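Residue numbers (my numbering): 2 to 92. Where is the CB? At the ideal position from N, CA and C, for every residue including glycine. It should be emphasised that the depicted structure is a prediction, and the values quoted were computed from it without experimental measurement. Have a look at the structure below, then the notes.
Next up, the structure:
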């Protein structure tokens, strides 16, 4: 389903910077080679599911009301995804 004409995303769209990660298609191809049949949309859904878990836990930690809509917006924000990546790479 395409976005309505004139739709603007506040934080932008998640993209893959060169050398910093893999896109959904590359993830799906690697998973398929490893024996887990997957397409790019499934890879995106799994990734966003994990991001939603991080977002919900952080909402609970900072005592922000974790409504499903708010958690989904936070999880799909590329700035949030980038910050999670940065935290995980520091570990």
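C-alpha gap between residue i and residue j, whole angstroms
{"i": "residue 71", "j": "residue 78", "result": "11 Å"}
{"i": "residue 59", "j": "residue 66", "result": "10 Å"}
{"i": "residue 88", "j": "residue 28", "result": "21 Å"}
{"i": "residue 68", "j": "residue 91", "result": "29 Å"}
{"i": "residue 50", "j": "residue 85", "result": "14 Å"}
{"i": "residue 22", "j": "residue 83", "result": "11 Å"}
{"i": "residue 73", "j": "residue 30", "result": "26 Å"}
Cutoff 8 Å; reference residue i; Cβ partners in own chain excluding five residues on either side
{"i": "residue 25", "result": "41, 42, 44, 45 and 48"}
Contact set for residue i: own chain, Cβ-Cβ below 7 Å, skip 5 residues either direction
{"i": "residue 75", "result": "56 and 81"}
{"i": "residue 61", "result": "67"}
Own chain, CB closer than 6 Å to residue i, minus 5 neighbours either side, in chain order
{"i": "residue 32", "result": "39"}
{"i": "residue 64", "result": "none"}
{"i": "residue 34", "result": "none"}
Subject >> Given 8 Å, three or more beta-carbon pairs between the segment 27-44 and the segment 53-69 >> reply: Not touching, per the Cβ criterion.
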